[in-house]
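The structure appears right after this line, and notes come after that.
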Amino acid sequence: MTSPSTNISSMPPGPVIKSKLSRDDIIMRSGMIVIALYLVVTLAFPLYAMLSKSFSTYRFELSQYEMQVSDQDGVFDGAILNPVDLNVATGAYSDADLSAGSDSRLPVTQLFPDFSFRSPVMYQIRNAQPGGRFLVGSTLHDDAEWTTLDSNSFRRVQLRPVKSTGFDNFVNYFSTPALFNSIKNSLFIAVLSTVVTVTLAFWFAYALNRSCMRFKGVFRLIAMAPILVPSLLPGIALVYLFGNQGMLKELLFGASIYGPIGIVIGSVFFTFPHAFLIISTALAISDARLYEAASSLRATPWRTFWTVTIPGARYGLISASFVVFNLVITDFGLPKVIGGQFNVLAVDIYKQVIGQQNFEMGAVVSVVLIIPAIFAFALDRYVQSKQVAALSARSVPYQPNPNPKMDRIFLVYSSLVGLFIVGILAVCQFAALIKFWPYDLSLSLNNYQFDKMDGGGWGSYYNSIKLGLITAVVGTAVIFFGAYLVEKSKGFRVGRSLFQMIAMLPMAIPGMVLGLAYIFFFNNPSNPLNVIYGTMAILVISAVTHFYTVSHLTAVTALKQMDREFESVSASLKQPTLKLFSRVTVPVCMPAVLDISIYLFVNAMTTVSAVVFLYSPKTSLASIAVLNMDDAGDIAPAAAMGMMIFYTNAAARILHLIASKGILRRTQAWRAR
Amino acid sequence: MTQATASGELYLSISNLWKAFGEFLALKDISLDIHEGEFICFLGPSGCGKTTLLRAIAGLDLQTKGSVMQDGKDVSNLPPSERDFGIVFQSYALFPNLTIEKNIAFGLENTGRDKSEIAVRVHELLELVGLPEQGTKYPAQLSGGQQQRIALARAIATNPGLLLLDEPLSALDAKVRVHLRHEIKELQRKLGVTTVMVTHDQEEALTMADKIVVMNQGVIEQVGSPTEIYREPANLFVADFIGEMNQLPATARGKAGISIGADSDIVKSQTHHFSDGETIVAAIRPEDVIPHGNGTSAPDETDVIGDPENVFTVKLAEMEFLGSFWRCRLQNEYFGASELIADFSINAVRRFELEEGKDMVVELPQDRLMAFPRVEAN
Numbered sequence: 001m002t003s004p005s006t007n008i009s010s011m012p013p014g015p016v017i018k019s020k021l022s023r024d025d026i027i028m029r030s031g032m033i034v035i036a037l038y039l040v041v042t043l044a045f046p047l048y049a050m051l052s053k054s055f056s057t058y059r060f061e062l063s064q065y066e067m068q069v070s071d072q073d074g075v076f077d078g079a080i081l082n083p084v085d086l087n088v089a090t091g092a093y094s095d096a097d098l099s100a101g102s103d104s105r106l107p108v109t110q111l112f113p114d115f116s117f118r119s120p121v122m123y124q125i126r127n128a129q130p131g132g133r134f135l136v137g138s139t140l141h142d143d144a145e146w147t148t149l150d151s152n153s154f155r156r157v158q159l160r161p162v163k164s165t166g167f168d169n170f171v172n173y174f175s176t177p178a179l180f181n182s183i184k185n186s187l188f189i190a191v192l193s194t195v196v197t198v199t200l201a202f203w204f205a206y207a208l209n210r211s212c213m214r215f216k217g218v219f220r221l222i223a224m225a226p227i228l229v230p231s232l233l234p235g236i237a238l239v240y241l242f243g244n245q246g247m248l249k250e251l252l253f254g255a256s257i258y259g260p261i262g263i264v265i266g267s268v269f270f271t272f273p274h275a276f277l278i279i280s281t282a283l284a285i286s287d288a289r290l291y292e293a294a295s296s297l298r299a300t301p302w303r304t305f306w307t308v309t310i311p312g313a314r315y316g317l318i319s320a321s322f323v324v325f326n327l328v329i330t331d332f333g334l335p336k337v338i339g340g341q342f343n344v345l346a347v348d349i350y351k352q353v354i355g356q357q358n359f360e361m362g363a364v365v366s367v368v369l370i371i372p373a374i375f376a377f378a379l380d381r382y383v384q385s386k387q388v389a390a391l392s393a394r395s396v397p398y399q400p401n402p403n404p405k406m407d408r409i410f411l412v413y414s415s416l417v418g419l420f421i422v423g424i425l426a427v428c429q430f431a432a433l434i435k436f437w438p439y440d441l442s443l444s445l446n447n448y449q450f451d452k453m454d455g456g457g458w459g460s461y462y463n464s465i466k467l468g469l470i471t472a473v474v475g476t477a478v479i480f481f482g483a484y485l486v487e488k489s490k491g492f493r494v495g496r497s498l499f500q501m502i503a504m505l506p507m508a509i510p511g512m513v514l515g516l517a518y519i520f521f522f523n524n525p526s527n528p529l530n531v532i533y534g535t536m537a538i539l540v541i542s543a544v545t546h547f548y549t550v551s552h553l554t555a556v557t558a559l560k561q562m563d564r565e566f567e568s569v570s571a572s573l574k575q576p577t578l579k580l581f582s583r584v585t586v587p588v589c590m591p592a593v594l595d596i597s598i599y600l601f602v603n604a605m606t607t608v609s610a611v612v613f614l615y616s617p618k619t620s621l622a623s624i625a626v627l628n629m630d631d632a633g634d635i636a637p638a639a640a641m642g643m644m645i646f647y648t649n650a651a652a653r654i655l656h657l658i659a660s661k662g663i664l665r666r667t668q669a670w671r672a673r
Numbered sequence: 001m002t003q004a005t006a007s008g009e010l011y012l013s014i015s016n017l018w019k020a021f022g023e024f025l026a027l028k029d030i031s032l033d034i035h036e037g038e039f040i041c042f043l044g045p046s047g048c049g050k051t052t053l054l055r056a057i058a059g060l061d062l063q064t065k066g067s068v069m070q071d072g073k074d075v076s077n078l079p080p081s082e083r084d085f086g087i088v089f090q091s092y093a094l095f096p097n098l099t100i101e102k103n104i105a106f107g108l109e110n111t112g113r114d115k116s117e118i119a120v121r122v123h124e125l126l127e128l129v130g131l132p133e134q135g136t137k138y139p140a141q142l143s144g145g146q147q148q149r150i151a152l153a154r155a156i157a158t159n160p161g162l163l164l165l166d167e168p169l170s171a172l173d174a175k176v177r178v179h180l181r182h183e184i185k186e187l188q189r190k191l192g193v194t195t196v197m198v199t200h201d202q203e204e205a206l207t208m209a210d211k212i213v214v215m216n217q218g219v220i221e222q223v224g225s226p227t228e229i230y231r232e233p234a235n236l237f238v239a240d241f242i243g244e245m246n247q248l249p250a251t252a253r254g255k256a257g258i259s260i261g262a263d264s265d266i267v268k269s270q271t272h273h274f275s276d277g278e279t280i281v282a283a284i285r286p287e288d289v290i291p292h293g294n295g296t297s298a299p300d301e302t303d304v305i306g307d308p309e310n311v312f313t314v315k316l317a318e319m320e321f322l323g324s325f326w327r328c329r330l331q332n333e334y335f336g337a338s339e340l341i342a343d344f345s346i347n348a349v350r351r352f353e354l355e356e357g358k359d360m361v362v363e364l365p366q367d368r369l370m371a372f373p374r375v376e377a378n
C-alpha cells in the first residue's frame, strides 16, 4: 500500500486555492456585514461612548485664564490678574464647585467682589494656555488673544471645563457611601428574589410536570401572564395592597412596603414566568427510565427526589437562577415605583442622569451594573451549553401516576401561586376602576382619561402599539435574516464567529445602560446619526437591539433543524439563495418567525428601562406613561394604563395564536402525512 | 483490462488534489480521469475521503490544492452555482413545504422556460422515475425510496453534464435499496449522463459502477472495472475491503511460485515480482478454492485436478451452512495459525460427502492464487 504520510508537510508548497465568490456569496456576505455593522453601530459604539464617558472628568482650571481690570475711566494699567489668586482671595468657589460635568459653565464675576454691571470699569480676559475655553454669551473663545469687554458683557462670560481621563469618577463613586451602598442593596434584593422565585417556580413546575392534578392548562396560562405587563405594575398593586392607605397594610405589622420587601415581592411576580419556563423545560426532559431504576432499587420517594429529580433539573435550576438574578438586578421600573429610600443601581443611573444631569456618574453606575449582569450572563451561557450535552435522544418521557394526596397538595399550592399572580393583576384592574381610593369606592372610567394626566395621554398608548408593531416587523426581518446568513453562508469563518459573538452581547447589557449609552452616542451633535435622536426610529433600534439575543437564538435553533444541504441543492440548480430563503427557509421556519415577532412586540410594549432615556414628548410610550403618572401621584391612572398594556399584549398573543394556526395550516400542510 | 462500457471523451480530470482540514490531510495528491457517460463509484471505508472528493468536484467544499477540469474548462475555484452538475444527497434534501412538482420545477424556473414548458418537463421527469401520479403530494407523504427518486428527478431536471450521488441509498432499507440500485443504473444508462456516486457499500459499487475508485486514508488504492477490482485487486487493502480474501503467510519461490508458510512444497501462483525467499502473503478468495475428493478415495473421473502441484490435504475443521453454499474452515500444518476459508457449493459437499472433522483435498488454482507484500500490522 502506497499511502503517503498523513503529515501536513507532505503537501506541496504553493498558494491555497481561493474560491471565486458567486453572486450569492457576495450578497450573503454583504448582508452579514450590514447587519453586523448595525449591531456595531447600535451596540458597540454606544457602549464605547459610555465607557469613555465614565472615565472622563471635567474640571474648571482657573489657571488657564488671565484677566485685567481697568480703572473707572476704562484705562488698563497692564497688571495681569491670575484667577486662581482671585479665587483664593475671594473664596468664591470651593474645590467641589470647580469639578464639573461636560456641559457645566462657570461665571467669573464672583471673582471680583466690587463688580457691578453698571460700572464703567472694563475687563480683559484671555486663555493663557492652549486648551482654555470661555464663552461670551454664546460665542466661544479658544484663542490666546485678549478680549476686551465692558462690565455688562463681562457678566456674560462663562468658563468651560477641561476634560481629563482617569479613574476620578470611580474614586468619587466609591467614596460616596450613598452611591456604593446601592451595590449591596442591588445584590441583596437580586439574591433574595432569586431564591424565592426559583423555589416557588420549581414547585409550580414540578406540580405541572410531575403530578396528576387538574387544571394544568389554566395554571400554565396564569404563570405566563406576568410577561405581558411592565415590571413596575406589581409595584402599583403592592402600593394599593400594602401602601400607606393599603387594604392589607396591617399584614406587614408596621414594616413598610416601600423598600426591599416591595421590590422582592414585585420581582417574584415579574420574574416568575421566566423561571417557570426554564425549570419546566428541564423537568419535562427527565428520563422515565431513571425513575423505574430508582423504584426497582426500592429508593424512597425522598431519596429519588434528591438523587434523580434534582440532578436532572440542576442545569435548569442554575440557568433559571442566573436569569432571574439578571432580570432583578437590571430592573428599573419596579424599584422606581416601590423602592422608596432603598437605592439600587438601576435607579441610581436614572437619578444621576435625569435628576442631577450628571451623565458621567450615570456612566460610572452603568459600568458597575454591567459587571454582575455580564457575570450572570456568562455563567448562564456556560451552564446552558452543558445542558445540551446532557440530553439524550434515547430518553423516555416520564409519565406521572395519580397520587390523590400529593395531587391535592400540589393543587392547593398551585392555586396559591396562581392567586398571587391573578390577585396582583386584579388589584391593578380594581384600582383603575375605582373613583378615588380609599374614600370613594364607586366605579368609574375617569382614570382612563389619560389625556388629562401627565404622561402623554392616549397618544403614548398608540405610540407603544406603533413601536411594538414596527419592532416586531423590522426586528424579526433583521434578526431572522441575520441568523440565516450567519448559519447558512459558506466560508468566511472569522466573520461568522465574530457575528455570533456580537449577537450574544445585547443580552448581557441592561436596558438602562443601553439607553444611557444611546444618549452619549446618538445625542452627540457631531454624530451624523444624530437625526434619529428623539424619534420613533431610535426607540425601535433600542428595542430591536435590546431584545436581539433571545430572538437570534430562537432563529438559529430553527435554522439548525433545516437540512444543511438545501443551499447546496439550490446552488447546483443555479437558483439564487435568496429564492431558496423566501420559498423554503422562511415558510418552513414560520413558527419560529412568529414566535420572534410576538416576543419582540410584547417586550417593546412592556419595556421601560430600554426606552426611559430615549423617548421624546412626541414619542412618549404607555410603559413610560405608567412610570410618569405614578411619579406624579396619579397611581390609579398608572394602574389603568398598565392594564391597557396587559390587555393589548393578551390580545396580541391571542391574535398571534390564531394567525399562527392559520399560517401553519397553509404553509405547514406538508407536516401532515 | 477492458472497460465494461464504451467510454467517450475525457470529461472530468482531477489532478494532484489535496485537501487539508487543519493539520489533517483528507485527500492526498488525488489524480483521476473520468470519461463521458461513465458511471463511477468512489468506494471506501468511512473517513477515507470519498465524500470530500465528491464535494470538491461539486465545489461545495473547495480543495486546498490541485485542479479540476470539467468538459475542457478549469473549474478548480468556481463556486457550485457556476459549475454544471446535479446532486442527490443521502438525506434527499427535498424542500418539505413544496409539492413534488414544485420541487422538481425548482431548478427549471428562471431559465427562460415558460410555465407550460416547465409543466411538461416535470411530467416527463415524473414518468421517467416512475411516479407520474405523485406530483401534487408533499415529500413527507412519500416513502423513502420514492423521495429518493424525486431527488434524482430534481437533480437531472436541467440536464446537467454531471450527476453526483452522495450515498444516495444508505438511508433506505435493504429491499428498496436493491431495487433502486437497478433503477438508478437503468436511468443513468438511458440518459448517458456522466455519474459519480459515493458509497461505502461494496455490493452497490460492484453492481452499479462501470469503474470503481477504491479509496483509503485520502489516497486512491485502485481504479478499475468491478471485475478487475474483484479479480485483480492491486493490494491487500483492496483485496480485503472488497469481498472475502484468505490471507496466508507464504514465501516467494521463483517468479510464479510460492510456498505456503515457510516450507510447503512450491505451488504455482500468479506471476509476482518478489525475490526468492521473501516473506509474503498468499491470497485467494474462498469461492476460488476448488474441492476434490475426501482424500482417501481416488478421485472419480468427473473430478479433474487442474494442477496436481497446487493441491493440499486439509482437515475440515468447521462447516457453516449459509443457504446457497457452505462456508468451510480448513486447517493444514502449513497454514499455521491461520485457517483457509473456502465456500463450497451444496452439490460439492454432497458429492464429496464432506463432513466436519474429515480430511479432504483442495486445489488452489494458479491463476487465482495471488501474492502480496507482507505488511506490518498497524
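If you're matching them up, the sequences are chains H and W in order.
Note that the first sequence covers residues 1 to 673 in full-length UniProt numbering.
Note that the second sequence covers residues 1 to 378 in full-length UniProt numbering.
We put the CB at the ideal spot given by N, CA and C, even for glycine.
Please confirm if residue i has its CB atom under 8 Å from at least one CB of chain W.
| i | result |
| --- | --- |
| residue 266 of chain H | no |
| residue 17 of chain H | yes |
| residue 581 of chain H | no |
Would you report the Cα separation of residue i and residue j, rounded to the nearest angstrom?
| i | j | result |
| --- | --- | --- |
| residue 517 of chain H | residue 86 of chain W | 52 Å |
| residue 545 of chain H | residue 552 of chain H | 11 Å |
| residue 339 of chain W | residue 203 of chain W | 25 Å |
| residue 326 of chain W | residue 349 of chain W | 8 Å |
| residue 269 of chain H | residue 223 of chain H | 9 Å |
| residue 613 of chain H | residue 89 of chain H | 42 Å |
| residue 536 of chain H | residue 45 of chain H | 20 Å |
| residue 206 of chain H | residue 303 of chain H | 16 Å |
| residue 160 of chain W | residue 209 of chain H | 54 Å |
For a cutoff of 8 Å on Cβ pairs, would you count residue i as touching chain H?
| i | result |
| --- | --- |
| residue 119 of chain W | no |
| residue 326 of chain W | no |
| residue 264 of chain W | no |
| residue 76 of chain W | yes |
| residue 110 of chain W | yes |
| residue 241 of chain W | no |
| residue 23 of chain W | yes |
| residue 85 of chain W | yes |
| residue 58 of chain W | yes |
| residue 195 of chain W | no |
Against residue i, what residues of chain H qualify as contacts under a CB-to-CB distance less than 7 Å, listed in chain order?
| i | result |
| --- | --- |
| residue 81 of chain W | 22, 24, 571 and 574 |
| residue 380 of chain W | The structure shown does not extend to residue 380 of chain W, since chain W spans only 1 to 378, so no value can be given for it. |
| residue 274 of chain W | Result: empty, since nearest Cβ-Cβ is about 16 Å, beyond 7 Å. |
So which residues of chain W does residue i contact, with C-beta pairs closer than 7 Å?
| i | result |
| --- | --- |
| residue 563 of chain H | 91 and 93 |
| residue 499 of chain H | Correct list: empty, because the minimum Cβ distance to chain W is about 21 Å. |
Which chain C residues sit within Cβ distance under 9 Å of residue i?
| i | result |
| --- | --- |
| residue 584 of chain H | Annotation note: the requested chain C is absent from the structure, which comprises protein chains H and W. |
Whose Cβ in chain H lies nearer than 8 Å to the Cβ of residue i?
| i | result |
| --- | --- |
| residue 158 of chain W | 573 and 574 |
Open item on the list: Using a Cβ distance threshold of 8 Å, determine whether the stretch 549-567 of chain H contacts the stretch 582-589 of chain H, with at least three qualifying pairs required.
Closed with: Contact holds: three or more Cβ-Cβ distances are below 8 Å.
Open item on the list: When you compare the stretch 526-546 of chain H with the stretch 59-72 of chain H, are there three or more beta-carbon pairs, one atom per stretch, that lie closer than 8 Å?
Closed with: Pairwise C-beta distances place the stretch 526-546 of chain H out of contact with the stretch 59-72 of chain H, as fewer than three of them are shorter than 8 Å.
Open item on the list: I want to know whether the stretch 438-447 of chain H touches the stretch 212-222 of chain H - three or more CB-CB distances under 8 Å.
Closed with: Judged by Cβ distances under 8 Å, the stretch 438-447 of chain H makes no contact with the stretch 212-222 of chain H, as fewer than three pairs qualify.
Task: Any 3 or more C-beta pairs closer than 8 Å across the stretch 400-410 of chain H and the stretch 337-345 of chain H - done: In short, these stretches do not touch, since the Cβ pair count stays below three.
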